[in-house]
Amino acid sequence: MLPSFPSTDDRPTAVVVAVQLPGTSDGELESSLSELERLARTLGFDPIARITQRRAKLAPGVVLGAGKLAELAVFTGGSGVVETYTKPGTKKDPLEPDDEEADDDDDDDGDLEVSPADQPAAKAKVVLVDHDLSPTQQHNLERATGVDVLDRTSVIVEIFHRHAKTREARLQVEVARLKYLAPRLRANAGGGDRVRGGIGGKGAGESSLELDRRRIRDRIAELRQELSQIETGSKTRRERRSELPTVALVGYTNAGKSSLMRAMTSSEVYVADKLFATLDTTVRRLSPASEPEILITDTVGFIKKLPHDLVASFRSTLEEAAQADLLLHVVDAADPALADHVAVTTEVLREIGADTVPTWLLLNKIDRVDEAGRAALADHYPGAMQLSAKSKDDVAMLREKLIAEFGGAIEEAELVVPWSAQRLVHQIHERTRVLAEQHDEDGTRLRVRAPSRILDDLRRQL
Ligand SMILES: Nc1nc2c(ncn2[C@@H]2O[C@H](COP(=O)(O)OP(=O)(O)OP(=O)(O)O)[C@@H](O)[C@H]2O)c(=O)[nH]1
Ligand SMILES: [Mg+2]
Numbered sequence: 189m190l191p192s193f194p195s196t197d198d199r200p201t202a203v204v205v206a207v208q209l210p211g212t213s214d215g216e217l218e219s220s221l222s223e224l225e226r227l228a229r230t231l232g233f234d235p236i237a238r239i240t241q242r243r244a245k246l247a248p249g250v251v252l253g254a255g256k257l258a259e260l261a262v263f264t265g266g267s268g269v270v271e272t273y274t275k276p277g278t279k280k281d282p283l284e285p286d287d288e289e290a291d292d293d294d295d296d297d298g299d300l301e302v303s304p305a306d307q308p309a310a311k312a313k314v315v316l317v318d319h320d321l322s323p324t325q326q327h328n329l330e331r332a333t334g335v336d337v338l339d340r341t342s343v344i345v346e347i348f349h350r351h352a353k354t355r356e357a358r359l360q361v362e363v364a365r366l367k368y369l370a371p372r373l374r375a376n377a378g379g380g381d382r383v384r385g386g387i388g389g390k391g392a393g394e395s396s397l398e399l400d401r402r403r404i405r406d407r408i409a410e411l412r413q414e415l416s417q418i419e420t421g422s423k424t425r426r427e428r429r430s431e432l433p434t435v436a437l438v439g440y441t442n443a444g445k446s447s448l449m450r451a452m453t454s455s456e457v458y459v460a461d462k463l464f465a466t467l468d469t470t471v472r473r474l475s476p477a478s479e480p481e482i483l484i485t486d487t488v489g490f491i492k493k494l495p496h497d498l499v500a501s502f503r504s505t506l507e508e509a510a511q512a513d514l515l516l517h518v519v520d521a522a523d524p525a526l527a528d529h530v531a532v533t534t535e536v537l538r539e540i541g542a543d544t545v546p547t548w549l550l551l552n553k554i555d556r557v558d559e560a561g562r563a564a565l566a567d568h569y570p571g572a573m574q575l576s577a578k579s580k581d582d583v584a585m586l587r588e589k590l591i592a593e594f595g596g597a598i599e600e601a602e603l604v605v606p607w608s609a610q611r612l613v614h615q616i617h618e619r620t621r622v623l624a625e626q627h628d629e630d631g632t633r634l635r636v637r638a639p640s641r642i643l644d645d646l647r648r649q650l
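Taking the working numbering, the leading residue of the sequence shown gets 189, the next gets one more, and so forth.
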């Protein structure tokens with residue numbers, strides 16, 4: 189079960205911070221901050237304010253300029269400065285770059301934040317920064333604000349940690365957490381008191397740094413060993429059912445994958461208005477049953493700037509998607525950042541080698557989009573299916589389409605496309621999973637896997 193979070197009233201408050209770097213539009217900044225606030229709520233925090241600043245780059249020492257840092261500290265009750273880091277004899281705070289003054293001039297037009305006066309009583313318990321912080325930046329910000337500071341990656345890692353349920357997911361998240369922790373041990377060793385953000389265990393500063401690092405390495409090796417055993421098991425299971433057509437639901441977190449899974453398989457998979465509600469791959473039969481039976485897989489959602497280690501640790505889970513006969517790429521059609529979400533998912537699918545699997549784009553939550561919006565979406569995504577996981581009719585339609593697609597068994601076959609008909613190669617890539625491709629004097633020789641119906645159609649064209 190998920191931990192129960194405190195009610196809105198006694199939730200710890202948070203301030204979110206972002207630097208608007210050159211090339212980031214106001215819209216992108218806004219959408220990234222809203223997403224960070226949703227991540228914060230998922231962790232049980234109540235975001236009360238935003239601090240933003242336009243800068244050429246993150247200030248190396250403390251991310252923000254001095255003025256902004258002081259403004260941030262008003263929310264947390266901190267001093268707003270990192271005194272201990274001013275070297276004696278240095279006129280200017282070495283943490284501040286020379287372009288500081290110019291940056292602060294931007295304050296008036298670069299802000300989206302609520303002014304401190306709006307929340308005089310609420311003191312934030314934590315600062316969430318929408319960038320990856322170096323261990324030093326994190327440490328300095330904590331000194332200046334007097335509260336814990338979490339960066340985007342640690343927020344996501346923490347959510348994964350809380351939501352992982354199966355043994356496999358827990359092990360995967362633990363590997364990612366330790367990899368995140370290792371470099372932070374180094375920086376905290378000097379003046380370091382503790383390791384931040386609930387990411388590390390207590391007392392990391394007590395034992396020698398080398399020892400801690402070695403322990404982490406050993407522990408990661410141990411976890412990997414355990415994981416590889418579990419993975420062998422899932423591989424065997426996957427092979428055993430590989431005769432049945434398999435459809436994987438993939439897409440951005442909160443798009444409605446699990447809702448569609450529930451609706452199509454009459455199962456009780458977990459659905460929630462939280463980011464990363466699902467971390468475990470579940471496989472269920474399409475229900476009512478079809479002939480042949482079709483398997484539906486629910487997978488972990490994606491997010492912008494997904495920490496690379498997390499993707500890597502979920503690779504075996506995501507392999508389910510790469511092995512599928514069809515991907516249903518689910519997007520939240522009502523989200524203003526929809527195009528961004530589509531791009532992120534497409535990119536992760538490419539990274540995990542799932543871009544060769546035939547894919548249908550599903551514009552979900554269409555019940556939240558008005559007529560004009562639907563027309564615009566149809567224009568922009570002509571091949572996509574517009575639907576709502578909450579509509580019985582829509583789900584029935586999707587089910588019919590799947591049955592039509594997989595009427596007849598899945599087959600493996602070899603297709604030889606003569607040089608004179610090369611345009612067919614493209615079509616084959618679109619409609620089948622290509623297992624191998626070779627060129628010889630006869631043309632292109634492809635080993636493919638696809639429903640018989642599609643193979644018949646391709647053979648006719650050949
Ligand atoms: N209005 C509306 N809400 C939907 C629809 N589909 C899903 N939702 C809601 O969107 C939220 C997220 O749904 P999930 O099915 O958990 O999303 P998910 O893609 O599995 O999310 P993660 O597991 O977190 O990656 C829930 O509150 C759902 O009730 C839809 O078609 N219409
Ligand atoms: Mg889910």
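Beta carbons are placed, not taken as given, at the ideal position from N, Cα and C, and that holds for glycine.
Any non-hydrogen atom of ligand 2 within 7 Å of residue i CB
| i | result |
| --- | --- |
| residue 465 | yes |
| residue 462 | no |
| residue 489 | yes |
| residue 578 | no |
| residue 311 | no |
| residue 353 | no |
| residue 486 | yes |
Ligand 1 heavy atom lying under 7 Å from the CB of residue i
| i | result |
| --- | --- |
| residue 556 | yes |
| residue 527 | no |
| residue 249 | no |
| residue 328 | no |
| residue 268 | no |
| residue 213 | no |
| residue 444 | yes |
| residue 439 | yes |
| residue 447 | yes |
| residue 459 | yes |
| residue 367 | no |
| residue 530 | no |
| residue 493 | no |
| residue 545 | no |
| residue 583 | no |
| residue 518 | yes |
| residue 553 | yes |
Under 8 Å between C-beta atoms of residue i and residue j
| i | j | result |
| --- | --- | --- |
| residue 639 | residue 598 | yes |
| residue 574 | residue 537 | no |
| residue 320 | residue 339 | yes |
| residue 549 | residue 572 | yes |
| residue 263 | residue 203 | yes |
| residue 330 | residue 231 | no |
| residue 649 | residue 623 | no |
| residue 519 | residue 530 | yes |
| residue 487 | residue 465 | no |
| residue 367 | residue 497 | yes |
| residue 485 | residue 434 | yes |
| residue 621 | residue 636 | yes |
| residue 483 | residue 471 | yes |
| residue 201 | residue 236 | yes |
| residue 251 | residue 317 | yes |
| residue 224 | residue 333 | no |
| residue 522 | residue 553 | yes |
| residue 249 | residue 311 | no |
| residue 594 | residue 480 | yes |
Residues bridged to residue i (per DSSP)
| i | result |
| --- | --- |
| residue 239 | 205 |
| residue 602 | 635 |
| residue 440 | 490 |
| residue 614 | None; residue 614 has no bridge partner. |
| residue 417 | The partner list for residue 417 (beta bridge, DSSP) is empty, contrary to what the question assumes. |
| residue 472 | 484 |
| residue 625 | 634 |
| residue 224 | Note: residue 224 sits in no beta bridge, so no partner. |
| residue 234 | 201 |
| residue 251 | 247 |
| residue 435 | 484, 514 |
Beta carbon proximity, residue i to chain D, threshold 8 Å
| i | result |
| --- | --- |
| residue 568 | No chain D is part of this structure, which consists of one protein chain only. |
Complete runs of the alpha helix (DSSP H) confined to the region 474-532 [at least 4 residues]: Annotation: the region 474-532 contains the following complete segments of the alpha helix (DSSP H) (minimum length 4 residues), in chain order: 496-501, 503-510.
message: Extract the residue ranges of the beta strand (DSSP E) inside the region 525-603, only unbroken runs of 3 or more that lie entirely within it.
response: Annotation note: the region 525-603 contains the following uninterrupted beta strand (DSSP E) runs of length 3 or greater, listed N- to C-terminal: 547-552.
Runs of beta strand (DSSP E) wholly within the region 298-365 (minimum 3 residues, chain order): Those beta strand (DSSP E) runs which fall completely within the region 298-365 and span 3+ residues are 314-317, 336-339.
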